[in-house]
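2 protein chains.
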Amino acid sequence: MRAAAKKAASLLPSLPILGWGRQYGRETLISDLVAALIVTIMLIPQSLAYALLAGLPPEVGLYASVAPLLLYAVFGTSRVLAVGPVAVVSLMTAAAIGQHAVAGTPAYWAVAITLAFLSGAILLLMGVLRLGFLANFLSHPVISGFISASGLLIAASQLKTLMGVKAEGHNFIELTQALILQAPHTHGLTLVVGVLATAFLFWVRKGLKPLLIRLGLKARLADVLAKAGPVAAIAVTTVLAWALDWKGQGLKVVGNVPQGLPPLTLPVWDLALWQSLAVPALLISVVGFVESVSVGQTLAAKRRQRIEPNQELVALGASNLSAAFTGGFPVTGGFARSVVNFDAGAQTPAAGVYTAVGITLASLFLTPALHFLPQATLAATIIVAVLSLVDLRILKRTWGYSRPDFIAVLATMLTTLAQGVEVGLVVGVAVSLALFLHRTSRPHIATVGLVPGTEHFRNVLRHDVLVDPQILSLRVDESLYFANARALEDYINDAVAERPSLRHVVLQCSAINDIDASALESLEAIEHRLRDSGIALHLSEVKGPVMDRLKDTDLLRHLQGPIFLTHFQAITFLSPQLLRKQGMGPTLKP
Amino acid sequence: MRAAAKKAASLLPSLPILGWGRQYGRETLISDLVAALIVTIMLIPQSLAYALLAGLPPEVGLYASVAPLLLYAVFGTSRVLAVGPVAVVSLMTAAAIGQHAVAGTPAYWAVAITLAFLSGAILLLMGVLRLGFLANFLSHPVISGFISASGLLIAASQLKTLMGVKAEGHNFIELTQALILQAPHTHGLTLVVGVLATAFLFWVRKGLKPLLIRLGLKARLADVLAKAGPVAAIAVTTVLAWALDWKGQGLKVVGNVPQGLPPLTLPVWDLALWQSLAVPALLISVVGFVESVSVGQTLAAKRRQRIEPNQELVALGASNLSAAFTGGFPVTGGFARSVVNFDAGAQTPAAGVYTAVGITLASLFLTPALHFLPQATLAATIIVAVLSLVDLRILKRTWGYSRPDFIAVLATMLTTLAQGVEVGLVVGVAVSLALFLHRTSRPHIATVGLVPGTEHFRNVLRHDVLVDPQILSLRVDESLYFANARALEDYINDAVAERPSLRHVVLQCSAINDIDASALESLEAIEHRLRDSGIALHLSEVKGPVMDRLKDTDLLRHLQGPIFLTHFQAITFLSPQLLRKQGMGPTLKP
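Top line first, the protein sequences correspond to chains A and B. Under our numbering, residues 1 to 590 are what the first sequence spells out, in order. Under our numbering, residues 1 to 590 are what the second sequence spells out, in order.
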């Protein structure tokens with residue numbers, strides 16, 4: 001019984017709803033309801049559009065926006081994250097399923113459901129095993145490059161709908177070629193509607209908010225209204241398409257969207273399919289998690305709240321599993337909708353529950369009104385949304401700041417454009433890890449000297465410092481491990497060969513955060529070799545955790561003299577004359 | 001003309017022979033000749049044995065010990081390295097070729113020649129591109145675990161010859177199972193010869209040298225004579241096999257070994273074969289290079305000489321290419337023979353040339369005498385040689401010193417035994433890299449305080465230090481990069497939440513050797529968040545290279561106050577009362 005009670009108690013932090021749910025009051029309710037209304041209006045066109053982007057019937061987008069919101073409200077730690085279909089994950093879904101089924105078929109939908117199931121299972125497992133830190137291996141430049149390239153890919157894939165032609169391709173080059181080949185078959189009316197919708201939506205983004213403010217609206221309300229621009233575009237073009245019989249003139253409309261609640265579905269239980277979907281599902285999980293957590297953290301910080309990444313994994317896992325059982329496809333916390341939810345004043349995840357109710361009502365009653373919605377309008381919605389994700393300034397910024405980061409961005413972008421999302425992501429991670437390893441394998445080693453009048457030591461090449469010709473003071477600016485241990489050996493060998501008067505080598509270990517077994521062997525070899533030449537090796541400023549491990553090693557037994565707490569003490573001990581030179585005298589004993 | 005002269009000059013450091021060759025005198029000649037004689041006697045049985053281990057006819061071992069020695073003498077930087085067939089590389093050769101041809105056939109030999117060619121080309125390319133540092137990614141524990149496991153694999157593979165049965169297997173478990181199944185068919189005479197030879201060779205290793213010293217020989221000569229034990233075993237068992245007609249009683253002998261010079265051969269020009277041999281050739285190259293360089297460096301250090309790893313790549317590349325064109329198989333610098341060469345007094349690579357002459361004479365005139373050499377004797381030679389490579393103490397040593405290193409050794413050993421040499425090596429490297437990344441992704445962060453009476457700051461948890469409650473002094477013991485940037489954010493968020501009186505956070509950057517673009521974004525986010533809470537972020541002891549890159553960033557523009565040269569200056573500036581407390585007073589200005 002006590003064990004059970006304990007277990008129940010340990011479950012508490014896993015159910016954040018128990019935290020905010022208890023203090024839920026009238027004021028919070030109203031804030032949440034208002035936010036939910038605005039988000040619902042925004043989500044309807046977005047959900048339809050992203051379902052089409054993923055190659056699925058539009059209503060699937062609505063299905064994927066109901067159950068996941070409910071589950072996230074129970075398990076999620078962000079107060080304002082809105083979970084549902086998002087652009088990049090929809091693109092990755094299309095890329096993953098494309099190899100297994102033809103878009104638009106029931107088989108395709110079944111694979112999408114299975115992908116959501118696998119992705120949910122992976123997220124849940126990562127959460128339970130507390131593997132959230134793995135997402136840190138996606139560096140900011142890689143994410144940034146990946147999102148930008150994905151944005152370009154998505155925009156390119158929507159151009160065919162805007163032009164009213166058929167054009168397929170697995171990467172940016174193939175897509176562009178297909179579009180150029182199809183250009184002569186462009187459907188005039190579709191293009192006009194699409195281009196006008198796109199232009200309108202761009203204007204809504206840039207020009208509507210200032211206009212509304214000038215008309216006397218409050219900044220926040222103007223902002224929220226401007227976000228509803230896509231709904232206006234959809235309403236207007238749908239009414240025009242119906243009134244002017246655009247469908248009869250060859251313009252593609254969404255067509256019949258089934259009315260009703262999200263269906264109950266099951267993933268396909270086929271081990272071979274699971275195996276071939278495992279890697280895409282993993283990539284979708286990681287990308288979805290990273291996008292969701294970064295949005296969640298940004299928004300939480302604005303209100304001094306915190307989110308717990310491992311619990312977020314559990315929440316997103318539950319959301320995706322629920323998507324799989326209610327006819328949806330992979331979902332995650334979206335940037336745009338979460339920001340709108342936040343700006344509209346959502347206080348708790350209950351806003352998500354109300355949004356889910358709103359979407360359910362829409363899929364029950366609103367779908368017949370969507371029949372005449374031009375597909376070109378949805379394409380315009382997507383294009384405008386994703387082009388805001390494209391940020392090529394990251395290239396310039398990283399070029400100026402750090403060449404390896406620049407290479408990682410560029411590699412991620414180019415491979416994503418040329419080889420698709422999955423290859424792009426894997427290459428990006430591999431390149432950034434390889435560059436990190438390459439850098440740490442060539443550590444910065446500085447010969448240091450005493451800054452006059454202080455107890456501080458700095459690089460002899462950069463500062464005007466005091467040195468004793470009998471002492472070589474070295475600072476290694478990297479933890480010592482197998483990949484760079486040899487570099488230190490080489491540096492010391494060369495330095496010793498150059499200085500016949502040398503009697504002491506002092507390693508200032510302030511930047512050495514770890515010494516692994518390989519590096520320990522190297523240090524022992526260095527000590528041995530120096531001793532043979534009549535030179536003593538000393539260590540100073542060895543950090544606590546490093547010292548703890550060195551304690552029982554041969555290295556420490558062989559060292560002459562103590563390990564110095566500070567480099568200054570070492571030099572005071574080994575070279576009192578240097579101290580007299582700067583008029584301080586040896587005031588400290590080692 | 002001048003360009004050609006310059007080119008010739010730049011070739012000079014690539015031809016070490018021009019260095020020592022010019023000063024070659026009579027005394028050096030005698031030293032080298034003596035060493036060459038001893039090494040030749042030792043090499044003959046070893047070369048035969050390793051060829052059999054690789055699945056090749058015994059004479060191929062002799063061929064592989066001629067041209068490579070000559071080429072190494074021209075290009076190598078070690079004075080005493082002896083190049084030729086070695087145990088681990090022979091095992092890897094057998095593993096690589098086994099998938100392509102049946103051992104003992106001409107096709108098998110052709111693949112071995114091709115493998116030597118590819119391995120030579122890879123080594124040469126790595127040398128020209130100066131990629132010698134790549135070998136550093138093989139950590140000492142991985143190498144040690146790999147060599148030990150390979151030794152066990154080789155010993156197990158030789159037991160069948162010792163027992164006179166047929167037993168094949170791709171890994172330790174399969175080999176052991178096959179041996180147990182075949183045990184009833186053991187050939188008695190073979191086993192007796194094999195076991196006695198093994199026992200004799202073990203005794204030679206341990207007991208002969210002390211005995212010889214007691215008999216009045218000098219230690220060094222006794223050592224060298226003890227190394228000639230295998231020759232004695234071979235001579236005695238060969239004579240006995242001939243005199244007592246052991247061959248007629250079913251004991252396997254080496255049989256006819258063709259007389260003559262190494263043949264001229266060409267690798268197979270088959271792109272498909274090259275592709276499938278590429279990975280094994282790469283692994284053989286890296287393992288061979290690492291073994292060779294570590295032997296070379298150990299011996300060079302004893303005489304205060306140096307070897308140049310990238311030039312060693314060129315030399316080993318040339319050696320392997322020459323092996324491919326003279327009927328050999330992959331070679332590298334061997335441990336045992338190089339030590340013997342060194343101990344016997346070799347002064348220059350000319351000793352290698354004389355050894356090559358000795359082996360050539362042996363393959364011209366000695367091979368008929370090898371007909372009755374029992375294969376069990378060769379197996380005994382191999383077993384005794386490789387068991388000295390097995391060092392299981394590395395498990396205990398790394399267990400005590402560093403758990404990640406222990407895991408890397410264990411993973412390498414177990415996968416090598418269970419899955420063979422190639423998988424074992426790749427898994428070992430992958431595991432050690434993953435553990436390194438895992439460690440750096442969770443940096444050690446210490447809250448530090450002033451050591452009274454000094455200008456030095458240490459961890460508040462480990463030392464008795466002074467702190468100001470308004471100031472949080474943090475030292476991050478790791479470079480900041482994408483995988484650990486979030487950990488710092490989390491640490492600071494938590495620390496700030498705990499201390500309402502906080503007004504300053506000072507990051508002591510002495511251990512931060514690099515800040516990549518992701519970490520810069522994190523620092524900017526930290527600064528922004530702290531500023532919102534009325535807390536100022538400061539940096540101290542930023543290293544030169546890091547400072548150079550931070551100069552033009554938003555982070556530095558947003559920071560209030562200067563970047564402090566020392567952490568002491570920062571605290572002096574921000575908290576003069578702390579200084580008064582320790583009776584020093586603010587003597588320094590930032």
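All C-beta atoms in this analysis are idealised placements derived from N, C-alpha and C, irrespective of residue type, glycine included.
Original post:
Using the C-alpha atoms, what's the distance from B:P141 back to B:A408?
Top reply: 7 Å
Original post:
For chain D, is any of its Cβ atoms less than 8 Å away from the one on A:P545?
Top reply: The structure shown contains no chain D; the protein chains it does contain are A and B.
**OP:** Answer yes or no: do A:F372 and A:T238 have a C-beta to C-beta separation smaller than 8 Å?
**Re:** Closer than 8 Å, so yes.
Original post:
Buried or exposed: which applies to A:Q297, given that a residue is buried once 16 or more other Cβ atoms fall within 10 Å of its Cβ?
Top reply: Buried, because 16 or more other Cβ atoms sit within 10 Å of the Cβ of A:Q297.
Subject >> At least 3 beta-carbon pairs within less than 8 Å: the stretch 497-514 of chain A vs the stretch 526-540 of chain A >> reply: yes
**OP:** Spatial neighbours of B:A67 within its chain, please: CB distance less than 8 Å, with the 5 preceding and 5 following residues excluded, ordered by chain position.
**Re:** P262, S319, S322, A323, F325, T326, G328 and A356
Subject >> C-beta contact flag for A:I515 and A:G145 at 8 Å >> reply: no
**OP:** Please list, in chain order, all residues of the same chain as A:A178 whose beta carbon is under 7 Å from its beta carbon, the five residues on each side excluded.
**Re:** A167, E168 and G169
Original post:
So B:G334 packs on B:V86, CB below 8 Å; how close in whole Å?
Top reply: 4 Å
Original post:
The alpha helix (DSSP H) spanning A:H538 covers which residue range?
Top reply: Run containing A:H538: none in the alpha helix (DSSP H); it sits in the beta strand (DSSP E), A536 to S540.
**OP:** Give a yes or no on contact between the stretch 371-390 of chain B and the stretch 193-213 of chain B, applying the rule of three or more CB pairs nearer than 8 Å.
**Re:** Flag = yes, the stretch 371-390 of chain B and the stretch 193-213 of chain B touch.
Original post:
Of all Cβ atoms in chain B, is any one closer than 8 Å to the Cβ of A:H456?
Top reply: Using a Cβ-Cβ cut-off of 8 Å, A:H456 counts as an interface residue toward chain B, since at least one Cβ of chain B sits closer than that to its own.
Original post:
Which class does A:Q577 belong to by DSSP, given the choice of helix, strand or coil?
Top reply: Helix, per DSSP.
Subject >> Span separating the alpha-carbon of A:V314 from that of A:E455 >> reply: 51 Å
**OP:** Find the residues of chain B that neighbour A:H538, judging by a C-beta separation of less than 7 Å, and give them in chain order.
**Re:** Under the 7 Å cutoff, chain B gives no residues; its nearest Cβ is about 17 Å from A:H538.
Original post:
From this set, B:A156, B:D548, B:G248 and B:L437, which residue's C-alpha is nearest B:V390's C-alpha?
Top reply: B:A156
Subject >> Check whether A:F342 and A:V80 have beta carbons under 8 Å apart >> reply: yes
Subject >> Coil, strand or helix - A:G216 by DSSP >> reply: coil
Subject >> Close Cβ partners of A:H567 (< 6 Å) along its chain, the five nearest in sequence each way excluded >> reply: F457, Q508, S540 and E541
Original post:
Which term fits A:T381, buried or exposed, when burial requires 16 or more other beta carbons within 10 angstroms of its beta carbon?
Top reply: buried
Subject >> Nearest-angstrom Cβ-Cβ length linking B:V496 and B:L530, presumed shorter than 8 Å >> reply: With 8 Å as the limit, B:V496 and B:L530 qualify as a contact, their Cβ atoms being about 7 Å apart.
Original post:
How about A:D477: is its C-beta nearer than 8 Å to some C-beta of chain B?
Top reply: It does: the Cβ of A:D477 has a partner Cβ on chain B nearer than 8 Å.
Subject >> Neighbour flag for B:F482 against chain A, beta carbons, 8 Å >> reply: yes
Original post:
What number of angstroms, rounded off, separates the C-alpha of B:I359 from the C-alpha of B:S47?
Top reply: 10 Å
**OP:** Look at B:S119 and B:P309 and say whether their C-beta atoms are less than 8 Å apart.
**Re:** no
**OP:** Determine whether the Cβ of B:N341 lies closer than 8 Å to any Cβ atom of chain A.
**Re:** no
Original post:
Around the Cβ of B:Q311, are there at least 16 other Cβ atoms within 10 angstroms (buried) or fewer (exposed)?
Top reply: So B:Q311 counts as buried.
**OP:** Taking 8 Å as the cut-off, decide whether the C-beta atoms of B:E193 and B:L370 are in contact.
**Re:** Note that residue 193 of chain B is Val in the sequence shown, not Glu. No, the pair does not count as a contact, with Cβ atoms beyond the cut-off.
Subject >> Where B:G400 meets chain A, residues with beta-carbon distance less than 8 Å >> reply: Within chain A, the residues D552 have their CB atoms less than 8 Å from the CB of B:G400, given in chain order.
Original post:
In terms of DSSP beta bridges, what is B:V331 paired with?
Top reply: According to DSSP, B:V331 bridges with nothing at all.
Subject >> Completely contained alpha helix (DSSP H) runs for the stretch 382-408 of chain A, where each covers 4 or more residues >> reply: 393-401
Subject >> Residues within the stretch 418-450 of chain B neighbouring chain A, beta-carbon criterion of under 8 Å >> reply: S432, L433, F436, L437, R439, T440, S441, R442, P443, H444 and A446
Subject >> Near-chain B residues of the stretch 129-157 of chain A (beta-carbon distance less than 7 Å), N- to C-terminal order >> reply: Correct list: F133, N136, F137, S139, H140 and P141.
Subject >> Expected contact under 8 Å - CB spacing of B:Y72 and B:P349 to nearest Å >> reply: 7 Å
Subject >> Cβ-Cβ distance between A:S150 and A:V88 below 8 Å >> reply: yes
Original post:
Is there a Cβ from chain B that is less than 8 Å from the Cβ of A:D468?
Top reply: no
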